[in-house]
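Residue numbers (this note's numbering), protein chains in the order written: chain A, 1 to 139; chain B, 140 to 412. One structure below.
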Amino acid sequence: MSDNLQVLLLDDEPIVGRRLKPALAKIGCDVDVFEDPEQALAKMAQKEYDVVVTDIRMDQIDGMQVLEFVRDRWPRSKVIMITGYAMMSLAREAMEKGAFDFIAKPFKPDDLRRVIAKAAHALGSDIDFEAVEMEKVNG
Amino acid sequence: MPLIIVSSDNFKQGDEIGQKVAGVLGYRYVGRELLTWVASENQVSEEDLARALDDPPGLLARRARRQRMLGYIEAACLNVLLDDNVVCHGLAAHLYVRAVSHALKVRIINEPEQRAEELSQAEGISLDKARKQVLRQTKDERRWSEEAYSLDQTDASLYDLVISLGTLELDKAVEIISDTVSYRKFQPMTYSRKLMQDKALAAGVRLKLMEQFPDIRVEANDGTVVAYIQSLKKDQRKKQEMVRQIAGELPGVRHVEVHIIRDLVGQAAQSSR
């Protein structure tokens with residue numbers, strides 16, 4: 001298995017995965033993208049991801065249920081919640097249920113990369129986010 | 140780590156609780172001493188700043204000046220609250236950090252009868268007179284916050300925690316607050332930190348513009364600033380340009396949008412000339 005950070009990205013808007021997957025790959029993440037929460041849960045039932053990034057508002061299964069599933073099945077995994085419907089009560093609920101972080105959409109890929117780097121650090125596998133920044137500056 | 144915002148119907152008690160909580164948790168305490176800095180930074184008197192926070196609503200003419208004083212305080216306070224581990228009391232922060240999830244908002248209340256008894260003893264007045272004064276103080280407190288921030292600060296739903304000192308000892312209140320803030324739901328997150336940064340930026344922009352535009356309202360989102368100003372139609376362009384220029388020079392501002400709210404009073408006055 002690769003030493004790269006294993007990331008699952010779940011969002012029912014295809015553009016989110018398309019945009020974020022290459023951005024996360026640049027900081028050394030192996031990213032599996034899902035648009036269907038059921039398929040994502042089926043995958044997570046078998047595989048432990050280091051980081052799970054999930055949208056909150058989705059049909060059938062919402063991000064809070066995904067969070068609860070991951071916390072129950074893989075307590076070590078860090079779950080990052082993303083939503084276009086951010087508000088205080090939802091943010092507090094997510095944190096209370098064990099989310100690692102909560103980000104309001106729209107956000108820049110760097111915002112998520114920064115949080116992923118923090119999650120990696122918390123898991124004991126550092127990502128050199130500064131090096132990626134420097135690479136961007138130097139072209 | 141989180142922020143704790145204390146509001147109280149008794150300033151001394153709120154101050155004491157705030158300081159004790161800060162001591163227990165090792166947090167920084169920010170109270171009225173911030174006004175000394177705000178006064179020197181903005182060349183206004185500290186007394187005027189304190190009066191803007193304490194005096195009941197008065198004449199319409201004084202309202203604009205008070206809002207300006209509160210604008211100075213809000214901008215300075217929000218800058219302090221960008222840091223973690225802060226306990227804040229006496230600067231009306233509970234009225235401008237409402238949506239920030241990592242700010243635990245606490246209200247300390249006393250039973251009205253107990254307040255009246257204490258007032259009666261302290262000022263040597265009859266209990267009946269003291270009761271009337273307490274009622275008036277509560278009414279003034281409500282009117283003040285409604286006029287300054289369109290919120291009733293005596294409304295319990297504004298707070299995460301309301302503690303009655305008629306039921307609990309002051310030190311118990313300190314213990315409860317210190318315990319409650321450790322709940323995960325009050326931990327800072329990317330969303331809440333960004334919200335606080337947006338609020339601080341909006342307050343900073345408003346601060347720069349409120350001399351020229353006393354009624355200005357400013358919102359910020361990730362470096363985009365939206366300003367709402369009143370203007371007559373004929374001055375609209377000039378004013379929009381002025382706001383764009385002043386706001387655009389401030390650090391952290393990437394884009395400025397200016398929306399005009401029609402100055403109906405001014406317009407009516409002009410058309411009657």
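From the three backbone atoms N, C-alpha and C, an ideal C-beta is built for every residue, glycine too.
Please report whether the beta-carbon of residue i lies at a distance below 9 Å from any beta-carbon of chain B.
i: A/R114; result: yes
i: A/F107; result: yes
Can you find a CB in chain A that lies within less than 9 Å of the CB of residue i?
i: B/Q326; result: yes
i: B/A231; result: no
i: B/K333; result: yes
Provide the residue(s) that pair with residue i in DSSP beta bridges, ordered along the chain.
i: A/D30; result: A/Q6
i: B/C227; result: B/I144 and B/V169
i: B/I385; result: In DSSP, B/I385 forms no bridge with anything.
i: B/I399; result: B/I368
i: A/T54; result: A/L10 and A/M81
i: B/V245; result: B/V145 and B/L300
i: A/H121; result: Paired residue(s): none; A/H121 is not in a bridge.
i: B/T363; result: B/N360 and B/H394
Would you mind working out which of the options sits nearest residue i, comparing C-alpha positions?
i: B/R323; options: A/R18, A/M81, A/G98 and A/F34; result: A/G98
i: B/L243; options: B/T329, B/V160, B/R345 and B/Q336; result: B/V160
i: A/K21; options: A/Q65, A/P75, A/P37 and A/P109; result: A/P109
i: B/Y288; options: B/H241, B/E388, B/I302 and B/L230; result: B/L230
i: B/E380; options: B/E358, B/R275, B/D154 and B/F352; result: B/F352
i: A/D62; options: A/R76, A/M81, A/L5 and A/E96; result: A/M81
i: B/V239; options: A/E35, A/K105, A/R92 and A/L67; result: A/R92
i: B/P141; options: A/A104, A/H121, A/M95 and A/A120; result: A/M95
i: B/A366; options: B/P390, B/I264, B/D267 and B/L340; result: B/L340
i: A/K26; options: A/L5, A/Q60 and A/P14; result: A/L5
i: B/Y211; options: B/L234, B/T329, B/W176 and B/Q326; result: B/W176
i: A/M87; options: B/R332, B/D194, B/M349 and B/E257; result: B/R332
i: A/E35; options: A/K43, A/G28 and A/C29; result: A/K43
i: B/L334; options: B/N218, B/V320, B/R204 and B/L346; result: B/N218
i: A/S89; options: B/R237, B/L220, B/S317 and B/L221; result: B/R237
At a CB-CB cut-off below 7 Å, which residues of chain A make contact with residue i?
i: B/T329; result: D101, F102, I103, D111 and V115
For residue i, return the contacting residues in chain B, with the cut-off set at a CB-CB distance below 7 Å.
i: A/M88; result: A238 and S240
Since residue i meets chain A, which of its residues come closer than 8 Å, beta carbon to beta carbon?
i: B/R323; result: M95, E96 and G98
Closer than 8 Å by beta-carbon distance: list the chain B residues that pair up with residue i, in chain order.
i: A/R92; result: S240, K324 and F325
Which residues bound the alpha helix (DSSP H) around residue i?
i: B/R237; result: Segment: none, B/R237 is in no alpha helix (DSSP H) and carries neither H nor E.
i: A/M44; result: P37 to Q46
i: B/L358; result: The residue asked about is misnamed: residue 358 of chain B is Glu in this sequence, not Leu. Looking at the DSSP string, B/E358 is not in any alpha helix (DSSP H); the run it does join, the beta strand (DSSP E), is R356 to N360.
i: A/L95; result: The sequence shown places Met at residue 95 of chain A, rather than the Leu named in the question. M88 to E96 is the extent of the alpha helix (DSSP H) around A/M95.
i: B/K324; result: B/K324 -> no alpha helix (DSSP H), and no H or E assigned at all.
i: B/D413; result: Residue numbering for chain B in the displayed model covers 140 to 412; residue 413 of chain B lies beyond these limits and cannot be assessed.
i: B/S331; result: T329 to L348
i: A/R76; result: Counting along the chain, A/R76 falls outside any alpha helix (DSSP H), and DSSP gives it neither H nor E.
i: B/Q253; result: P251 to E262
i: B/D187; result: E185 to D193
The beta strand (DSSP E) spanning residue i covers which residue range?
i: A/R71; result: Careful: A/R71 lies outside any beta strand (DSSP E), inside the alpha helix (DSSP H) at G63 to R73.
i: A/F102; result: D101 to A104
i: B/S289; result: Segment: none, B/S289 is in no beta strand (DSSP E) and carries neither H nor E.
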